[in-house]
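S.K.:
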Amino acid sequence: MASKGAVLAGAYSVPSNSQGRVRGGAGIVKRMKLGSQGLEVSAQGLGCMGMSAFYGAPKPDQDMISLIHHAINSGVTFLDTSDIYGPFTNEILLGKALKGGVRDKVELATKFGVRFVENKMEVDVGKNMEVQGDPAYVRAALESSLKRLGVDSIDLYYQHRIDTSVPIEVTVGELKKLVEEGKVKYIGLSEASASTIRRAHAVHPITAVQLEWSLWSRDAEREIIPTCRELGIGIVAYSPLGRGFFTSGAKFVENLAHDDSRKNLPRFHPENVEHNKTLFERVSDLAARKGCTPSQLALAWVHHQGNDVCPIPGTTKIANFDQNIAALSVKLTPEELAELESYASADAVKAEKLQISYLSPYLDSLGTNFRHAVLLVLGLLLGGQKVVNGGADGGSGSCRFPAIYNFGDSNSDTGAISAAISEVPPPNGETFFGKPSGRLSDGRLIIDFIAEKLQIPYLSPYLDSLGTNFLHGANFATGGSSIRPGGYSPFHLGIQISHKLSSSVQSHTSNVCYLNVLCYEIKLMRLETEILAPGRLPRPEDFPKALYTFDIGQNDLAYGIQHGTIEEVRASIPAILSQLSQAISVGPQGCLPYSVIYDKSKPGNLDKSGCVKPLNAVAQEFNRQLKNSIMLLRSLLPLAAFTYVDVYSAKYTLISDAKKQGFVDPFDFCCGSYYGFHIDCGRKAVVNGTVYGNPCSSPTTHISWDGIHYSQAANALIASRILNGSLSDPPVSITHACHSSKNT
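The sequence shown begins at 1 in full-length UniProt numbering and counts up one residue at a time.
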């Protein structure tokens, strides 16, 4: 059961005006304070989406209005809708139901921020959708919702999904103005990360966060729910019945209409339903012992998570509604709660929930052509070329990538950290380039070998843009970067991708603020400017044909290990990957020389190769979940070509067979020193008259360059296995990565 903390944001009470609000044979629906800003709602809400959208054909208006009125008369007054439901028709339906003085009896919540492109409705949730959060759109969306609902103000106005191209401070700043104008009473967020919630709350108090929470969707318990409780933010749980699964299990899935979007959810695929039905059977057995239905038991579990939680189950039938509110009277002992949670462990539930953020703002913001992208996940994520009749060239021949766009950390940084923060000193770069080249290695990186293979010039770092040629792509990787914000570097993946979006137009100015600390201006001038000469800017027609590579994630694990326990880092992996719609495998963290040197674990924590076992176990779990994410993306974007590369195996095999490959001890590094103290590569220190820090005489015999990064010789061998496809899924060479991929 999720930790509730010492102080909860809301407490149930029965207001004086609730007398007579009787739910079918179960007493009075209690009231609760949602959050700490003053909003009071019914202890259970009514999700209205399925009345109009996504779950089969829209239901007759009069039937749904009767259901809404029945809910209100039963004491369920917290009504939830959104402008995307329909689109628009669900708000119109609510507007009809609220006429005749009904508006004053309810707490009305609606949302903005997701819209259909050209208002085209699709069965597949996430298809033809995009997120938007700029101030003008926020205000226009609210005005339209007010008209459709026929009201003067919204009680709780959520940002439905976060637009990562607009700083959350800007979006919430506009919402704050709407509160001051009296058009919105309280502000909420839906499916936001913990860091986004904190940033938003610093601008204006957030009253509630809406998220999916049920027996089989519990990832929010790791970070988001504790953050809400710390800040006094209420929690609104949508899909508390597992999108209907806990009503009748496999039978429910079998009876879904052909146009019900739930048929596309991975958990509702036949092979996963067969596995997950065991969970339903166990819940059903306990429900029988309790004298309630499985759905009531599942809903009661959500109610027992804390008096700051308001579930909003949806239905289109009055009988089902009455059954849902009866769940409020189901009492569970601590032993029964523990039993339920043991049924729904990670191993008991097969397939990830579909947490689209509407397919991730990154994918949708890159444009419709990105739906046809070629993506290599490193490990390395290759992405970008449209698949036509099996291949980018219309057949099955070699791919022709006109450009590469790389996102990552210091493992693939070709000079960004050197240009923006601090120069990389010699002897870095001297084996191949003869001088420092901005790379943390003695020579070329894996991304350099990929560029060579594809006959593309080495990628220029985006942050070093004066006089630089971006015609064949750009490198957004920056040393120290992570997938999530809040690590070693401010240039996390979201910032890198926002730069890519900015660079996709010829003239653009974007102000990006990172936690109100780092604010900087990115300017890309027109072709005729003196800064970027003609012929040096990317060609827009090349964006959908380019290769997109991602090599990032190591710092998320390293930062977590440095500031927490192995168990905490392992638990954070789903949250890390939720920030990443396309994924990257990470290497064996426990085999980095510095990991071994600084590890203070108990004896016996080293494996037969001398690597730290707990650290490698975390890296392997990261990669396992990452690969699952790639499989999910393949099913969602069938026209894209996704290649997952097992970089972990390439690096671990190299380390295990170091001597056979002609290398010295893999834990001896060439540049920098550790003699009871740390000396960075390129630095020197004199201790008792002895100079430490001189590089080794032969970098080609070392796997590790500086204790963290690999030597050119090691990068060459690792790159060869990436290029030939021997560790790829599907097993294709990089020159054929544009062809439609299939799960293996």
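Where is the CB? At the ideal position from N, CA and C, for every residue including glycine.
Model, not experiment: these values are computed from the prediction.
#1: Could you tell me the distance, in whole angstroms, from the CA atom of valine 664 to the CA atom of serine 649?
#2: Ignoring anything shorter than 3 residues, give me the beta strand (DSSP E) runs that lie fully in the segment 429-460, in order along the chain.
#3: Give me the residue from Glu254, Arg289, Cys292, Gln296 with the minimum Cα distance to lysine 277.
#4: Let's test the definition: count the other Cβ atoms within 10 Å of the Cβ of asparagine 694 and tell me whether it reaches 16, buried, or not, exposed.
#5: Going by other Cβ atoms of all chains shown within 10 Å of its Cβ, with 16 needed for buried, is residue 755 buried or exposed?
#6: At 4 residues or longer, and completely inside the segment 112-188: list those alpha helix (DSSP H) runs for me, N to C.
#7: Let me check understanding here. Comparing Cα to Cα, which of Asn73, Phe449, Ser728, Ser441 lies closest to glycine 707?
#8: Looking only at its own chain, which residues have a Cβ that is under 6 Å from the Cβ of glycine 25, when we skip the five neighbours before and after it?
#9: Considering Cα atoms alone, identify which of Ala202, Val330, Arg267 is closest to glycine 291.
#10: Looking only at DSSP bridge pairs, what is glycine 693 linked to?
#11: Whose CA, out of Ser193, Thr700, Met129, lies closest to the CA of lysine 659?
#12: CA-CA distance, serine 52 and glutamate 107?
#13: Between the alpha carbons of alanine 237 and isoleucine 417, how many angstroms are there, rounded?
#14: Please report the Cβ distance between residue 746 and proline 614, rounded to the nearest whole angstrom; I am assuming they are in contact, meaning their Cβ atoms lie under 8 Å.
#15: What is the DSSP secondary structure of aspartate 646, reduced to helix, strand or coil?
#16: Just checking, does the segment 284-302 make contact with the segment 257-272 on the three C-beta pairs under 8 Å criterion?
#17: Near glycine 113, which residues of its chain fall below 7 Å by C-beta distance, leaving aside the five closest residues on each side in sequence?
#18: Between serine 656 and serine 609, is the Cβ-Cβ spacing less than 9 Å?
#19: Assign asparagine 688 to one of two classes, buried (16 or more other C-beta atoms within 10 Å of its C-beta) or exposed (fewer than that).
#20: Give me the Cα-Cα distance between alanine 200 and leucine 146, rounded to the nearest whole angstrom.
#21: For asparagine 264 versus leucine 299, is the C-beta distance shorter than 9 Å?
#22: By alpha-carbon positions, which one of Ile630, Ser284, Ile206, Gly100 ends up nearest to serine 248?
#23: Whole-angstrom Cβ separation of arginine 148 and glycine 95, contact assumed at under 8 Å?
#24: DSSP has isoleucine 703 in a bridge; who is on the other side?
#25: Are the Cβ atoms of valine 273 and alanine 288 separated by less than 9 Å?
#26: Between serine 437 and the rest of its own chain, which residues show a CB-CB distance below 6 Å, the 5 nearest in sequence each way excluded?
#27: Looking only at C-alpha atoms, which of Thr478, Tyr343, Ser460 sits nearest to glycine 408?
#28: Would you list the residues sitting across from tyrosine 710 in a DSSP beta bridge?
#29: Could you check the C-alpha separation between threonine 735 and leucine 723 for me, to the nearest Å?
#30: Could you tell me the distance, in whole angstroms, from the CA atom of threonine 431 to the CA atom of arginine 539?
#31: Just curious, the beta strand (DSSP E) that glutamate 40 is in, first and last residue?
#32: Would you tell me roughly how many angstroms separate the C-alpha atoms of leucine 445 and histidine 269, rounded to the nearest one?
#33: Indicate the three-state DSSP secondary structure (helix, strand or coil) for glycine 50 in the structure shown.
#34: Rounded to whole angstroms, what is the Cα-Cα separation between leucine 626 and leucine 67?
#35: What does DSSP give as the partner residue(s) for asparagine 307 in the beta ladder?
M.R.: Inspection of the coordinates gives the following:
#1: C-alpha separation (whole angstroms): 20 Å.
#2: Secondary structure remark: continuous beta strand (DSSP E) runs of at least 3 residues inside the segment 429-460: none found.
#3: Nearest Cα to lysine 277 within the set Glu254, Arg289, Cys292, Gln296: Glu254.
#4: The residue is exposed, with fewer than 16 neighbouring Cβ atoms inside 10 Å.
#5: With the chain running from 1 to 744 in the structure shown, residue 755 is simply not present.
#6: Within the segment 112-188, complete alpha helix (DSSP H) segments of at least 4 residues are found at 135-149, 168-180, given in chain order.
#7: Of Asn73, Phe449, Ser728, Ser441, the residue nearest in Cα terms is Ser441.
#8: Low confidence applies to glycine 25: its pLDDT is 36, below 50, so where it sits in the model is not reliable, and the reading given next is rough at best. Non-local C-beta neighbours of glycine 25 in its own chain, meaning closer than 6 Å and more than five positions away in sequence, are absent.
#9: Measuring C-alpha to C-alpha distances from glycine 291 to each of Ala202, Val330, Arg267 identifies Val330 as the nearest.
#10: For glycine 693, which the question treats as bridged, DSSP gives no partner whatsoever.
#11: Minimum Cα distance to lysine 659 is reached at Thr700.
#12: Here the C-alpha atom of serine 52 lies approximately 20 Å from the C-alpha atom of glutamate 107.
#13: When rounded, the distance between both Cα atoms is 42 Å.
#14: Nothing about residue 746 can be read from this structure; the chain reaches only from 1 to 744.
#15: When secondary structure is reduced to three states using DSSP, aspartate 646 falls in the coil class, being assigned neither helix nor strand.
#16: In short, these stretches do not touch, since the Cβ pair count stays below three.
#17: Taken in chain order, the residues that qualify are Val131, Gln132, Gly133, Gln159, His160, Arg161, Asp163.
#18: Cβ distance < 9 Å, so serine 656 and serine 609 count as in contact.
#19: Burial call: exposed.
#20: Computed Cα separation, rounded: 23 Å.
#21: Not closer than 9 Å, so no.
#22: Comparing Cα positions, the closest option is Ser284.
#23: About 6 Å separates the Cβ atoms of arginine 148 and glycine 95, confirming a contact at the 8 Å cut-off.
#24: Per the DSSP secondary-structure output, isoleucine 703 pairs with nothing in a beta bridge.
#25: No; because the gap between Cβ atoms is not below 9 Å, this pair is not in contact.
#26: A distance below 6 Å between beta-carbons, with the five flanking residues on each side excluded, links serine 437 to the following residues of its chain, in chain order: Gly429.
#27: Among Thr478, Tyr343, Ser460, the Cα nearest to that of glycine 408 is on Thr478.
#28: Tyrosine 710 pairs with Ser704.
#29: In this model, threonine 735 and leucine 723 are separated by some 8 Å (Cα to Cα).
#30: Between the alpha carbons of threonine 431 and arginine 539 lies a gap of roughly 34 Å.
#31: Here the beta strand (DSSP E) through glutamate 40 covers 39-42.
#32: Taking the Cα positions, leucine 445 is about 41 Å away from histidine 269.
#33: For glycine 50, the secondary structure class from DSSP, reduced to helix, strand or coil, is helix.
#34: Going by the C-alpha atoms only, they are around 42 Å apart.
#35: Looking at the DSSP assignment, asparagine 307 forms no beta bridge with any residue, so it has no partner.
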